[in-house]
Structures are given as structure tokens and as C-alpha cells.
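In what follows, a single structure is set out as C-alpha cells and then discussed.
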Amino acid sequence: MLEDSLKLLPNLAKESNRKQFASTIDEISDALTALHGAAAQTAYLVGVSDPNSTAATPGIVDPELYINADKAIGSAVEKLIQPDISQQEVLAAATQIAQYTSKLCNACKSASQKCDNPVAKRHFVQCAKDVANSTAQLVKCIK
Numbered sequence: 230m231l232e233d234s235l236k237l238l239p240n241l242a243k244e245s246n247r248k249q250f251a252s253t254i255d256e257i258s259d260a261l262t263a264l265h266g267a268a269a270q271t272a273y274l275v276g277v278s279d280p281n282s283t284a285a286t287p288g289i290v291d292p293e294l295y296i297n298a299d300k301a302i303g304s305a306v307e308k309l310i311q312p313d314i315s316q317q318e319v320l321a322a323a324t325q326i327a328q329y330t331s332k333l334c335n336a337c338k339s340a341s342q343k344c345d346n347p348v349a350k351r352h353f354v355q356c357a358k359d360v361a362n363s364t365a366q367l368v369k370c371i372k
């Protein structure tokens, strides 16, 4: 199915058959999603069947922290771009951004301390610096 869809795609583009082209793209997407799922399942089964396999260890970063920070910062920025925002709302949004960017900086610093890989360690430190600098620039713009 995937091979057929991939072969069909150039002809549909040449013919400007937009509906069939979009449908074929959807089919390709579905096939690739299924392939990805099957590959992940296969990798899992190979891993658990290996007698030398060890249990997973927790990562050095908390993905929930990053997800929550993204949502909170995005929400605060959305408030800041509203034309009728009050001074009190600006301060609340700026405080929310500062709190979450501080958490992100601390998480990056903590991850760099837990990390053994020197390249990853430097990357975490640089990310903390980038977040701090971006926050400082944002605060300057808010003022």
C-alpha cells in the first residue's frame, strides 16, 4: 500500500488532482504511522526478550515540567498580546513567565549536573543560559 501510494503521488501532482493527492498523502501518513508503531512494538519485544536486558531507568529531565512550563508560558504570552490588558494582568503574566522560566533554568542546571556526557552537559548549560537571556529580553520589552 505504501509503495503504491508513493508511486502514485508524482502523477497526481502533475495532473493537479488535489483531492486524490490529499487522499494519497493521508494514506501515506497512515501507513507511516502504522509502520512507526510496529517498529516501536518490535523494538520493545526484542528488548524484553533479550536475557541481558535491564529495566529502564528514569530520565534526567522531567517531561511534565517542560509540558507544564510550555502551557503556562504560552498562556501568559497570549494574555500579554491582548490589546486591552491591564497593568495588573501584565504583572501577573510576567510573574508567571518568570516563575516557569526559572523552573526551566533550574531543571537544565540540574540535568547538566546529573549528566555524564560532556556534550549533553554543555547543551543543558547553554539551554539554561538561553532561557535566562530570553526571559531578560522579554522582561525588558514588557517594561
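So in my numbering, spot 7 of the sequence shown is number 236, and the numbers just go up one at a time. Glycine residues also receive a C-beta, built at the ideal position from the N, C-alpha and C atoms.
In this structure, L231 lies near A260, with their beta-carbon atoms less than 8 angstroms apart. In this structure, the beta-carbon distance from I296 to I326 does not fall below 8 angstroms. When secondary structure is reduced to three states using DSSP, I310 falls in the coil class, being assigned neither helix nor strand. Here N362 carries a helix assignment [DSSP, helix/strand/coil]. Excluding sequence positions up to five before and after L333, its CB lies within less than 6 angstroms of the CB of A298 and V360, all in the same chain and listed in chain order. Per the Cβ contact rule, the segment 312–329 is not in contact with the segment 343–355 (fewer than 3 Cβ pairs under 8 angstroms).
The beta carbon of T330 sits closer than 8 angstroms to the beta carbons of A298, I302, V360, A361, S363 and T364 from its chain, once the five residues preceding and following it are set aside; these are given in chain order. Between the beta-carbon of C337 and that of A357 there is about 4 angstroms, and that keeps the pair under the 8 angstroms contact cut. Non-local C-beta neighbours of A242 in its own chain, meaning closer than 8 angstroms and more than five positions away in sequence, comprise F250, ordered along the chain. In the displayed model, C344 falls within coil according to three-state DSSP, outside both helix and strand.
Counting other Cβ atoms within 10 Å of its Cβ, T324 stays below 16 and is therefore classed as exposed.
With fewer than 16 other beta carbons inside 10 angstroms of its own, T271 counts as exposed. For G288, there is no enclosing alpha helix (DSSP H), as DSSP marks it with neither H nor E.
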